[in-house]
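Chemist: Provided herewith is a single structure, encoded as structure tokens, for subsequent inquiry.
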Amino acid sequence: MRVLVVEDEEFLREMIAEGLRRDALAVDEASDGLEALRRLRLGEYDVLVLDRDLPGLHGDEVCRQVVRERLLTRVLMLTASGTVRDRVEGLGLGADDYLTKPFAYDELLARVLALGRRARPALPPVLERAGVAVDTARRSATRDGHRLALSRKEFAVLEALLRAEGAVVSNDDLIEQVWEQDTSYSTNAVRVTLSKLRAKLGEPPLIETVPGAGYRIAAR
């Protein structure tokens with residue numbers, strides 16, 4: 001799942017982003033509304049975590065533009081104002097959910113995951129193929145009923161492969177979905193993570209390498 005966090009308070013933005021990354025989500029960050037719209041127009045995000053009170057281009061206008069341009073992302077609006085009128089106004093702008101500051105991180109995560117399951121393409125609660133199951137809500141994975149102890153990168157790679165439903169996922173796609181906006185990562189990072197993931201999945205091998213194209217989960 002890809003998330004864009006837009007918040008002008010650096011400490012809060014980084015806290016949210018790092019928390020979501022620890023929970024195996026791919027996260028990009030923006031500190032103002034104009035940067036948010038630029039990223040939304042260039043990339044595909046399942047969820048937008050949007051501070052309402054942004055300097056410059058207000059969060060309300062960002063939300064209006066998301067709706068006007070039919071950008072297919074779910075919007076979780078954050079605000080320090082928690083009156084009923086404010087919540088109604090925020091939802092009326094096109095936001096899908098509304099969270100008042102201060103908030104508990106666990107609640108924010110639950111709301112992001114819930115919105116992600118309604119994003120494009122719809123993310124089912126459990127992804128399954130060839131005996132492997134990934135529970136996107138509980139952040140757990142099993143093979144043939146046996147729990148897999150995966151790092152957050154391994155979990156995110158496995159989720160990306162399962163979401164492809166047998167289609168090939170390229171190195172570039174994995175880097176974009178799992179390693180976010182950090183371009184310092186090379187295809188070697190993908191190979192190392194896949195090697196560790198394959199070892200944890202065990203036998204018989206499930207992840208196929210398609211020369212010159214990428215990787216896929218084999219049907220069984």
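Once you know that position 143 of the sequence shown is 143 in full-length UniProt numbering, the rest is easy, because the numbers rise by one and skip nothing. In this text, a Cβ means the ideal position worked out from N, Cα and C, and glycines have one as well.
#1: Going by the beta-carbon positions, is the gap between residue 159 and residue 127 smaller than 9 Å?
#2: By how many angstroms is the C-alpha of residue 39 removed from the C-alpha of residue 243?
#3: So residue 213 and residue 130 are supposed to be a Cβ contact under 8 Å. How far apart are they, rounded?
#4: Should residue 2 and residue 44 be called a contact, given that it needs their Cβ atoms to be closer than 9 Å?
#5: Pair every Cβ in the region 92-106 with every Cβ in the region 186-198, then say whether three or more of these pairs are closer than 8 Å.
#6: To the nearest angstrom, report how far apart residue 115 and residue 76 are at their CA atoms.
#7: Do you know offhand how far residue 148's Cα is from residue 192's?
#8: For the alpha helix (DSSP H) holding residue 269, just list the boundary residues, first then last.
#9: Which stretch, first to last residue, makes up the alpha helix (DSSP H) that contains residue 80?
#10: For residue 59, count neighbouring C-beta atoms within 10 Å of its own C-beta (all shown protein chains included) and say buried if the count is 16 or more, exposed if not.
#11: Would residue 33 and residue 62 qualify as a contact pair, given that the criterion is a beta-carbon distance under 9 Å?
#12: By a C-beta neighbour count over all protein chains shown, 10 Å radius and 16 as the cutoff for buried, is residue 254 buried or exposed?
#13: Run through the DSSP bridge pairs and tell me what residue 140 is partnered with.
#14: Kindly indicate the opening and closing residues of the beta strand (DSSP E) around residue 51.
Modeler: Reading off the structure:
#1: The answer is yes: Cβ separation under 9 Å.
#2: This structure gives no information on residue 243, because the portion of the chain shown stretches from 1 to 220.
#3: So it is not a contact: roughly 19 Å between Cβ atoms.
#4: Their beta carbons are under 9 Å apart, which means residue 2 touches residue 44 by this criterion.
#5: The region 92-106 is not in contact with the region 186-198.
#6: Distance between the alpha carbons of residue 115 and residue 76: 8 Å.
#7: Their Cα atoms are separated by approximately 18 Å.
#8: With the chain covering only 1 through 220, there is no way to say anything about residue 269.
#9: Neither: residue 80 is in no alpha helix (DSSP H) and is coded neither H nor E.
#10: Residue 59 comes out buried.
#11: Yes. Within cutoff.
#12: Nothing can be reported for residue 254, as the shown portion of the chain is limited to 1 through 220.
#13: Paired residue(s): 135.
#14: Here the beta strand (DSSP E) through residue 51 covers 47-51.
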